[in-house]
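Protein chains in written order, with our numbering: chain A, 17 to 216; chain B, 17 to 216. Even for Gly, the Cβ is constructed at its ideal location relative to N, Cα and C. If you're wondering where the values come from, they're calculated on a predicted model, not measured in any experiment.
Right, here's the structure in full:
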């Protein structure tokens, strides 16, 4: 998938509550060469959601057709709807030199790592379990069972951190966004990505 | 050589004229957690050179004794003198959390890479061959033969760039120093270097 002058495909995971959305938003303010992949979904738009911004809203028929034609980098069927990352958008952005973030869970992330060996992977980690717990408790309207489900899911995500190349601790949104920016700059300075000049 | 909270050992190479000294000086102004290893030599100090700053000036007997006792990370004998990187200084600095730069040629660099697999390697490259040539021509007092020898050595260094993990182009001293700083931050964010917290 990588070409000359190509941007990086970056798998971005971390437990719910780690602050993935906030950190990416800050990063996109810092540098205009980074974008987030927009997923396709078969579910109906929620109030306020815009087609092509939050999701590409497509029909179940189109989704199944795209799965058959291998048009997703990764996709997943949930109870009520299907979700997938469309190849075409990602490839267009990469070829234009943009770094494309896929914000996905650790299962999806590892699927993409297997399919695209050259991709980059960053895991966003909260500074401590206590802080994560507080964030997951949220509005305090959840039952103990719902909470335990959330905690258990967060533990599962954390258990899979070792599959990611980089770990960024989100103790401060600016610091975390800056570190991700440094990781991108460093990766672009990998010797195989830096062209030589004529000298013979 | 790497331990918990350890700094990075960084092999820093590039053709003469690439600006290694200037870039490192700028980097050391940017961050106080980086130091340069001071080599040992058996040659006499030149006017203005300070023992322990420019070099550790040691006798031939001491040098040979240290070679025998494996006290150098790497060493080399030239016509008139021997040069070596003392292990002890480097290890002390690494354990205290400092990142230690070894400014060495591509032969020395590859020796260290073989000996210490966990080390980092950065190649500093001039923006073009023409710029490098101009810098190598220097004061214009060299014979054609001396110049060709310099050019040939520079080509040899450039030919070995692919053995280095990162390539930094020195088109601007600030930009180059900043990029090296980003590479260090990124390397310290590699998942295996980031400790986890308790969450079970």
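Three-state class that DSSP yields for residue 139(B) in the structure shown: Along the second chain, one-based indexing puts residue 139(B) at 123. Here residue 139(B) sits in strand by DSSP.
Residues of the region 143 to 168 of chain A with a CB closer than 7 Å to any CB of chain B: list them in chain order, please. Taking 7 Å as the cut-off between beta carbons, the residues of the region 143 to 168 of chain A near chain B are 144, 145, in sequence order.
For residue 157(A), the three-state DSSP class (helix, strand or coil): Here residue 157(A) refers to the residue found at position 141 of the first chain. Residue 157(A): coil per DSSP, three-state reduction.
Same chain, Cβ closer than 8 Å to residue 149(B), neighbours up to 5 away in sequence not counted: Within the second chain, numbered from 1, the residue matching residue 149(B) stands at position 133. Around residue 149(B): 167.
Compute the distance between the beta-carbons of residue 195(B) and residue 205(A), then report whether it is under 7 Å. For the purposes of this step, residue 195(B) is taken as the residue at position 179 of the second chain. For the purposes of this step, residue 205(A) is taken as the residue at position 189 of the first chain. It is a contact, given that the beta carbons lie within the stated cut-off.
Is the separation between the beta-carbon of residue 176(A) and that of residue 140(A) shorter than 7 Å? Here residue 176(A) refers to the residue found at position 160 when the first chain is read from its first residue. Here residue 140(A) refers to the residue found at position 124 when the first chain is read from its first residue. No.
So, does the CB of residue 205(B) fall closer than 7 Å to a CB anywhere in chain A? By one-based count along the second chain, residue 205(B) stands at place 189. Interface residue, yes.
Residues of chain B with CB closer than 9 Å to the CB of residue 225(A), please, in chain order. Within the shown structure, residues of chain A are numbered from 17 to 216, placing residue 225(A) beyond reach of any answer.
List, in order along the chain, the chain B residues whose C-beta lies closer than 8 Å to that of residue 88(A)? Here residue 88(A) is taken as the residue at index 72 of the first chain, counted from 1. Simply none; closest approach about 27 Å.
What residues match up with residue 107(A) in a beta bridge as DSSP calls it? Within the first chain, numbered from 1, the residue matching residue 107(A) stands at position 91. According to DSSP, which records beta bridges pairwise, residue 107(A) is partnered with nothing at all.
At a Cβ threshold of 7 Å, is residue 183(B) touching chain A? Position 167 of the second chain, counted from the start, is the residue given in the question as residue 183(B). Taking 7 Å as the threshold, the shortest C-beta distance from residue 183(B) to chain A falls below it.
Beta carbon of residue 33(B), beta carbon of residue 151(B): below 7 Å? Here residue 33(B) refers to the residue found at position 17 when the second chain is read from its first residue. Here residue 151(B) refers to the residue found at position 135 when the second chain is read from its first residue. Against a cut-off of 7 Å, the Cβ pair of residue 151(B) and residue 33(B) comes out as a contact.
Run through DSSP, which three-state label would residue 69(A) get? To locate residue 69(A), count along the first chain from 1; it is residue 53. The answer is coil: DSSP assigns residue 69(A) none of H, G, I, E or B.
Using the Cα positions of residue 146(A) and residue 165(A), report the straight-line distance between them to the nearest angstrom. For this step, residue 146(A) is matched to residue 130 along the first chain. For this step, residue 165(A) is matched to residue 149 along the first chain. Annotation: residue 146(A) to residue 165(A) spans about 16 Å, alpha carbon to alpha carbon.
Shortest alpha-carbon distance to residue 209(A) belongs to which of 189(B), 201(B), 184(B), 71(B)? Here the question's residue 209(A) lines up with position 193 in the first chain. Of the listed residues, the one whose Cα sits closest to residue 209(A) is 184(B).
Taking DSSP's pairing of strands, which residues face residue 93(A) in a bridge? Sequence index remark: in the first chain, residue 93(A) carries index 77 (1-based). Looking at the DSSP output, residue 93(A) bridges to 98(A).
Using a Cβ-based criterion (distance less than 6 Å to any ligand heavy atom), does residue 159(A) qualify as near the ligand SAM? Among the ligands in the structure shown, none appear at all, so the ligand SAM cannot be discussed.
Counting only beta-carbon separations shorter than 7 Å, does residue 215(B) have a partner in chain A? Residue 215(B) sits at position 199 when you count from the first residue of the second chain. Residue 215(B) has a beta carbon lying within less than 7 Å of a beta carbon in chain A.
Whose C-beta lies closer than 6 Å to the C-beta of residue 124(A) among residues of the same chain, with five residues either side of it excluded? Within the first chain, numbered from 1, the residue matching residue 124(A) stands at position 108. The answer, listed in chain order, is 90.
Under DSSP, the beta strand (DSSP E) around residue 25(A) begins and ends at which residues? Here the question's residue 25(A) lines up with position 9 in the first chain. Residues 25 to 29.
So, are the CB atoms of residue 118(A) and residue 53(A) less than 7 Å apart? Here residue 118(A) is taken as the residue at index 102 of the first chain, counted from 1. Here residue 53(A) is taken as the residue at index 37 of the first chain, counted from 1. Taking 7 Å as the cut-off, the Cβ atoms of residue 118(A) and residue 53(A) count as close.
Leaving out five residues before and five after residue 76(B) in sequence, what residues of the same chain have Cβ atoms less than 8 Å from its Cβ? One-based indexing of the second chain puts residue 76(B) at position 60. Cβ neighbours of residue 76(B) beyond the five flanking positions: 58, 98.
Taking a contact to mean a Cβ-Cβ separation below 7 Å, would you say residue 122(B) touches residue 106(B) in this structure? On the second chain, residue 122(B) is found 106 positions in, with the first residue counted as 1. On the second chain, residue 106(B) is found 90 positions in, with the first residue counted as 1. If you check the CB distance, residue 122(B) and residue 106(B) do not come in under 7 Å.
Anything in the region 30 to 44 of chain B with a Cβ closer than 9 Å to a Cβ of chain A? List those residues in chain order, please. Per Cβ criterion, the list is empty.
N-terminal and C-terminal residue of the alpha helix (DSSP H) that residue 38(B) is part of: Looking up residue 38(B) in the second chain gives position 22. Element bounds for residue 38(B): 36 to 46.
Using only CA atoms, which one of 126(B), 49(B), 83(B) lies nearest to residue 109(B)? For the purposes of this step, residue 109(B) is taken as the residue at position 93 of the second chain. When only C-alpha atoms are compared, the closest one is 49(B).
Should residue 120(A) be flagged as near chain B, meaning a C-beta pair shorter than 7 Å? Residue 120(A) sits at position 104 when you count from the first residue of the first chain. The beta carbon of residue 120(A) sits no closer than 7 Å to any beta carbon of chain B.
Span of the alpha helix (DSSP H), counted from its first residue to its last, around residue 78(A): Within the first chain, numbered from 1, the residue matching residue 78(A) stands at position 62. Looking at the DSSP string, the run of the alpha helix (DSSP H) that includes residue 78(A) is 76 to 84.
Nearest-angstrom Cα separation, counted from residue 202(A) out to residue 67(B): In the second chain, counting from the first residue as 1, residue 67(B) sits at position 51. In the first chain, counting from the first residue as 1, residue 202(A) sits at position 186. If I take the Cα positions, the gap works out to 35 Å.
Sequence-distant residues of the same chain with beta carbon closer than 7 Å to residue 61(A), five excluded per side: Locating residue 61(A) in the first chain gives position 45, counting from the first residue. Here the set comprises 67, 73.
Just confirm the distance between the C-beta atoms of residue 182(A) and residue 132(A), as a whole number of angstroms; I'd bet it's less than 8 Å. Along the first chain, read from residue 1 onward, the residue named residue 182(A) stands at position 166. Along the first chain, read from residue 1 onward, the residue named residue 132(A) stands at position 116. Not confirmed; about 16 Å, so no contact.
Beta-carbon neighbours of residue 198(A), restricted to chain B and to distances below 7 Å: As a position in the first chain, residue 198(A) is number 182, starting the count at 1. Within chain B, the residues near residue 198(A) are 198, 201, 202.
According to DSSP, is residue 184(A) part of a helix, a strand, or is it coil? Working through the first chain from its first residue, we reach residue 184(A) at position 168. Correct three-state label for residue 184(A): strand.
Out of 56(B), 25(B), 23(B), 169(B), which one is the CA nearest neighbour of residue 69(B)? The count along the second chain starts at 1 and reaches residue 69(B) at position 53. The residue among 56(B), 25(B), 23(B), 169(B) with its C-alpha nearest the C-alpha of residue 69(B) is 56(B).
Of the listed residues 213(A), 142(A), 156(A), nearest to residue 36(A) (C-alpha basis): Here residue 36(A) refers to the residue found at position 20 when the first chain is read from its first residue. Ranking 213(A), 142(A), 156(A) by Cα distance to residue 36(A) puts 142(A) first.
Between residue 110(A) and chain B, is there a C-beta pair that is closer than 7 Å? Within the first chain, the letter at position 94 stands for residue 110(A). The Cβ of residue 110(A) sits no closer than 7 Å to any Cβ of chain B.
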